[in-house]
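Novice:
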Amino acid sequence: MPKTVGIGITGGIAAYKIADLVSRLKKDERDIDVIVVMTEGAARFITPLTMKTLSGREVLTDIWAPSQEWKVQHIGIAEQLDLLVIAPATANFIAKIACGIGDDLLSTIVLANTAPLLVVPAMNTNMYRNAIVQENIKKLVNTGINVMEPATGVLACGASGEGRLPEVESIYEQITTMLFPRTELLGKRVLVNAGTTCEDIDPVRFISNRGTGKMGYAIAEEAASRGADVILVSGRTHLAPPPGVKVISVWGAEEMCNAMLKYQPACDIIIGAAAVGDFTVARAAQQKIKKTGNGDQTLVLELVGTPDILKTLGARKQPGQIMVGFAAETENLLENALHKLAAKNLDVIVANDITMEGAGFAIDTNIVTIIDRNGEITALPKMTKRDVATAIIDKIAALL
Ligand code: C5P
């Protein structure tokens, strides 16, 4: 039985990349039928003829076009879909979805659609960061719509920042995962921590680190997409909660540790992706510490260690429980990672050399080596954190 995916293209320069996406989907051996719907703006960036040739089907652009069948066009199309994708999704089109506006063929199809919806934003960084655009995206996510994070890099307008269409390959992966969901983790409970911890100095100031939560959130999302029940204990991050994942928000390392200990006994798989601070302030001030001098004042803080969360959980590991940790290193990668694997009683450690370009904090890519308890070492090339998450979950599924 072929699956039918609707590809809605809206008017952004990244529209041209969707030709590649459609071609990729048509080459998939699993028989995917692609219906391309384009807004008027999209048809100015790439011709419907190109999309028609690649999809092997008439491209739909006009809400007033006479329908072949007796059914109203947008309703008839929506009923055929197993998945609807909007890529690239402009700020304007995202706003339309958020407000329930149906003023062209594609937006009416979105309203009539009951299949899962995947939205892939692509726009200028300032537009993407615009508070109203962000509010709209949040609204989509809270409604259960899947919204992909844009990539960061050089934009068509010449600026550099977040807002790029993710790589076609990642969109393709996301589409095929949604069309043909994998279920290896069905019935499994997965506990992930992510984000960064914060330690208060006083009621307004705190100590934190460069962690963004991208890696852990991608892992939680990937585990959920394979059927797991996922609990995500999250420190500070600006990321939206992944769909279908239960998020427990925490602030400091101790609070994170307590939350992890609470859920550990009920979970089959535990993944420690949080950037846990190793030190906390010995005595946080109850009131805001006053500035007294003219910039010549000094302030001495006494720091004390925080609990090593994974080590604490590792000591209480139950038979059959799988534990995964990370090792972000600047030297002696394998040696340090193997040491941590043993010291924290882990089954898998994901090591990365954060000095390498394309690896580490606050970027979309990572370069990791996955080492399991049997000593099997898999060095992966530079890839998106989403793809690293796929590789980590593949490894866990193989160990189960
Ligand atoms: O020892 P190191 O901090 O390099 O180990 C990194 C791994 O240990 C990560 O998986 C991190 O989430 C976890 N960790 C922890 N508690 C800490 C420090 C690190 O669980 N206090």
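To convert, note that position 306 of the sequence shown is 306 in the working numbering; the numbers rise steadily by one, no gaps.
Every residue gets a Cβ at the ideal spot worked out from N, C-alpha and C, and that includes glycine.
None of these values were measured; they are calculated from a predicted model.
1) How close, in whole Å, do the beta carbons of Leu-106 and Thr-39 come, if the pair is a contact with beta carbons under 8 Å?
2) At a cut-off of 8 Å, would you count Asp-82 as near the ligand C5P, judging by its Cβ distance to the nearest heavy atom?
3) Bridge partners for Thr-280 per DSSP, in chain order?
4) With respect to the beta strand (DSSP E) encompassing Glu-329, which residues constitute its N-terminal and C-terminal limits?
5) Name the DSSP beta bridge partners of Asp-353, please?
6) Sorry if obvious, but does the Cβ on Lys-385 come closer than 8 Å to a heavy atom of the ligand C5P?
7) Looking only at DSSP bridge pairs, what is Gly-213 linked to?
8) Is Asn-352 near the ligand C5P, judged by its Cβ being under 8 Å from some heavy atom?
9) Roughly how many angstroms separate the alpha carbons of Ala-89 and Asp-202, rounded to a whole number?
10) Please report how far the alpha carbon of Gln-73 lies from the alpha carbon of Gly-102, in whole angstroms.
11) Ile-6 and Phe-45: beta carbons closer than 9 Å?
12) Relative to the C-alpha of Arg-164, which residue among Thr-176, Glu-173, Glu-149 and Ser-225 is closest?
13) Relative to the C-alpha of Glu-255, which residue among Ile-289, Asn-193 and Ala-228 is closest?
14) In the DSSP assignment, find the unbroken beta strand (DSSP E) run with Met-38 in it and report its ends.
15) Does any heavy atom of the ligand C5P sit closer than 8 Å to the C-beta of Leu-301?
16) Write down the C-beta distance between Val-245 and Ala-220 rounded to the nearest angstrom, noting that I regard them as a contact closer than 8 Å.
17) Which residue marks the beginning of the alpha helix (DSSP H) containing Leu-185, and which one marks its end?
18) Report the three-state DSSP secondary structure of Asp-394 (helix, strand or coil).
19) Return the residue from the list Ile-270, Leu-140 and Asp-33 that minimises the CA-CA distance to Ile-396.
20) Exposed or buried, Thr-330, counting other C-beta atoms within 10 Å across all chains shown (16 or more means buried)?
Specialist: For this structure:
1) The Cβ separation is near 5 Å, so the contact holds.
2) For Asp-82, the Cβ stays outside the 8 Å cut-off from all heavy atoms of the ligand C5P.
3) Answer is Val-304, bridged to Thr-280.
4) In the DSSP annotation of this structure, the continuous segment of the beta strand (DSSP E) that includes Glu-329 starts and ends at 322-329.
5) Answer by DSSP bridge pairing, in chain order: Glu-329.
6) Checking every heavy atom of the ligand C5P against the Cβ of Lys-385, none is found closer than 8 Å.
7) Within the DSSP bridge table, the entry for Gly-213 names no partner.
8) No, since every heavy atom of the ligand C5P falls outside the 8 Å radius drawn around the Cβ of Asn-352.
9) If I take the Cα positions, the gap works out to 42 Å.
10) Distance from the CA of Gln-73 to the CA of Gly-102, rounded to the nearest whole angstrom, comes to 13 Å.
11) Correcting the residue type first, residue 6 is Gly in the shown sequence and not Ile. In this structure, Phe-45 does not lie closer than 9 Å to Gly-6 by Cβ.
12) Taking only the C-alpha atoms, the option nearest Arg-164 is Glu-149.
13) For the residues Ile-289, Asn-193 and Ala-228, the minimum Cα distance to Glu-255 belongs to Asn-193.
14) It spans 32-38 - the beta strand (DSSP E) in which Met-38 sits, taken as one unbroken run.
15) No, the Cβ of Leu-301 stays beyond 8 Å of every heavy atom of the ligand C5P.
16) Yes, they are in contact, since the Cβ atoms of Val-245 and Ala-220 sit about 5 Å apart, within 8 Å.
17) Where Leu-185 is concerned, there is no enclosing alpha helix (DSSP H), given that its DSSP letter is neither H nor E.
18) Assignment of Asp-394 by DSSP, reduced to helix, strand and coil, places it in the helix class.
19) That would be Ile-270, whose Cα lies nearest to the Cα of Ile-396.
20) Classification for Thr-330: exposed.
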